[in-house]
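Colleague: Below you'll find the structure I mean.
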Amino acid sequence: MNLFSLEGKTALVTGGIHGLGMAMAEGLAKAGAELIITNNVKEPLDEAIEYYKKAGYAATGYVFDVTDEKQAEKQVAAMEAAHGKIDILVNNAGIIMRVLALDMEVADYRKVIDVDLVGPFIMSKLVAKAMVKRKSGKIINICSMMSELGRDNVSAYASAKGGLKMLTKSLATEWAKYNVQVNAIGPGYFATSQTAPIRVDGHPFNEFIISRTPAGRWGDPEDLAGTAVFLASDASNFINGQVIYVDGGILATLGKAANE
Ligand code: GCO
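The sequence shown begins at 354 in my numbering and counts up one residue at a time.
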């Protein structure tokens, strides 16, 4: 089981204050990693750090916006000074706006791309500098079903998540020779605050997802922890540029006909 151990490693999870980010961070901490958690707003970050500490994990918070290159550069330098090194980067911070393309403001489209795609580029570039020098590092990007599939209302989010899949492959190509693995996790539909508005009982999308998912249920955030630990650990040292979809089988199927 040593293959999966993260003892002595430091893991940075952007936006790891709730939902999928928090579940992955807990998984990494349970495998032995020390946590660095970032968020653009201080209060929910402080609450999350308190939660991690109560649960018995080593966790430190840093407040900054991943889209602000200057701020991010300063903060990453501060983290490296305080923690010695960053072994694992999980680019988890993200936003979604559910608006039909015809009604979407260009400024909102840009905002989603900025947080969900440019943010991971900035953070990867900053953190990989030392990884490349050390010849060791793991970067995990959080993709989506929308890295593969379109749907109404989410054109900006899908553009960003599709881009993030290709950023994953490109960075893997550039950094593999330095023993840095860049992979991604593509979550299916999970029960989090992000999906709360489309998950309520009676909402047609709620029924749709349950019938569209071969597993017949929404994912539980904890369903992601194992894949995060795997991609952060030595067990995945020769895997590079992959997206592992953790989706209860959604991408395996066209779906069921109503009158079968
Ligand atoms: C949607 C969005 C998100 C999903 C997720 C799917 O369909 O509105 O895609 O809500 O949570 O990213 O992988």
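C-beta atoms are modelled at their ideal positions from N, C-alpha and C, and glycine is treated no differently.
As the structure is a computational prediction, the values presented were derived from the model and not from experiment.
1. For the beta strand (DSSP E) that contains Gln534, what are its first and last residues?
2. Going by DSSP, what residues sit across from Lys491 in a beta bridge?
3. Tell me whether the beta-carbon of Ser489 lies closer than 8 Å to the beta-carbon of Leu524.
4. Nearer than 7 Å: is that true of the beta carbon of Met457 relative to any heavy atom of ligand 1?
5. Going along the chain, which residues of its own chain have a beta-carbon closer than 6 Å to the beta-carbon of Met511, five neighbours each way excluded?
6. Where are the beta strand (DSSP E) runs, 3 residues long or more, that stay fully inside the region 373-435, in chain order?
7. I'd like to confirm something about Gly503: is its beta-carbon nearer than 7 Å to some heavy atom of ligand 1, or not?
8. When we look at the beta-carbon of Lys362 and count the other beta-carbons within 10 Å, is it buried (16 or more) or exposed?
9. Using 8 Å for Cβ pairs, my map puts Val582 next to Ala384. What's the rounded Cβ distance?
10. Tell me where the alpha helix (DSSP H) around Val465 begins and ends.
11. Since Ile590 contacts Gln534 with CB under 8 Å, what's their CB separation in whole angstroms?
12. First and last residue of the alpha helix (DSSP H) that includes Ala578?
13. Using the Cα positions of His436 and Ala513, report the straight-line distance between them to the nearest angstrom.
14. Could you give the first and the last residue of the continuous beta strand (DSSP E) run that contains Ala364?
15. Quick check: Gly447 and Val480, are their CB atoms within less than 8 Å of each other?
16. Hey, is Thr526 close to ligand 1, as in C-beta under 7 Å from one of its heavy atoms?
17. Does at least one heavy atom of ligand 1 sit under 7 Å from the Cβ of Met498?
18. Measure the CB-CB distance between Ile551 and Val599 and report whether it falls below 8 Å.
19. Between which two residues does the beta strand (DSSP E) carrying Ile597 extend?
20. DSSP on Phe591, reduced to helix/strand/coil?
Modeller: Quick answer:
1. Translated into the one-based positions of the sequence shown, residue 534 becomes position 181. First-last of the beta strand (DSSP E) with Gln534: Val533 to Pro540.
2. As a first step, residue 491 must be located in the sequence shown, where it is residue number 138. Secondary-structure assignment with DSSP links Lys491 through a beta bridge to Ile441 and Gln534.
3. Start at 1 with the first residue of the sequence shown, and residue 489 comes out as number 136. Start at 1 with the first residue of the sequence shown, and residue 524 comes out as number 171. In this structure, Ser489 sits away from Leu524, with a CB-CB distance that is not shorter than 8 Å.
4. Position 104 of the sequence shown holds residue 457. Relative to ligand 1, even the nearest heavy atom lies 7 Å or more away from the CB of Met457.
5. The sequence position of residue 511 within the sequence shown is 158, counting from 1. Reading off the sequence shown, one finds Ala at residue 511, where the question assumed Met. Excluding the 5 residues flanking it on each side, Ala511 has same chain C-beta neighbours closer than 6 Å at Met499 and Gly503, in chain order.
6. Within the region 373-435, the runs of beta strand (DSSP E) that reach at least 3 residues and sit entirely inside it are, in chain order, 387-392 and 412-416.
7. What you label residue 503 is simply residue 150 of the sequence shown in a count that begins at 1. Judged by the Cβ position, Gly503 fails to qualify as a neighbour of ligand 1 at the 7 Å threshold, every heavy atom of the ligand being at least this far.
8. As a working note, residue 362 is residue 9 in the sequence shown. Label assigned to Lys362: buried.
9. One-based indexing of the sequence shown puts residue 582 at position 229. One-based indexing of the sequence shown puts residue 384 at position 31. That pair is a contact at about 5 Å.
10. Walking along the sequence shown from the start, residue 465 turns up at place 112. In this chain, the alpha helix (DSSP H) harbouring Val465 covers Val459 to Ile466.
11. Taking the first residue of the sequence shown as 1, we reach residue 590 at position 237. Taking the first residue of the sequence shown as 1, we reach residue 534 at position 181. Note on residue identity: the sequence assigns Asn, not Ile, to residue 590. About 7 Å separates the two Cβ atoms, so the contact holds.
12. Position 225 of the sequence shown holds residue 578. Run containing Ala578: Ala578 to Ala585, per the alpha helix (DSSP H) assignment.
13. The count along the sequence shown starts at 1 and reaches residue 436 at position 83. The count along the sequence shown starts at 1 and reaches residue 513 at position 160. In a straight line, the C-alpha of His436 is about 31 Å away from that of Ala513.
14. What you label residue 364 is simply residue 11 of the sequence shown in a count that begins at 1. Residues Thr363 to Thr367.
15. To locate residue 447, count along the sequence shown from 1; it is residue 94. To locate residue 480, count along the sequence shown from 1; it is residue 127. Contact: no.
16. Numbered from 1 along the sequence shown, position 173 holds the residue referred to as residue 526. Remark: the C-beta of Thr526 is outside contact range of ligand 1, defined as less than 7 Å to any heavy atom.
17. In the sequence shown, the residue the question calls residue 498 occupies position 145. The answer is yes for Met498.
18. The sequence position of residue 551 within the sequence shown is 198, counting from 1. The sequence position of residue 599 within the sequence shown is 246, counting from 1. Contact: no.
19. Reading the sequence shown from its first residue, position 244 is the one you call residue 597. Per DSSP, Ile597 belongs to the beta strand (DSSP E) from Val596 to Val599.
20. Here residue 591 is taken as the residue at index 238 of the sequence shown, counted from 1. Residue state, collapsed to three classes: coil.
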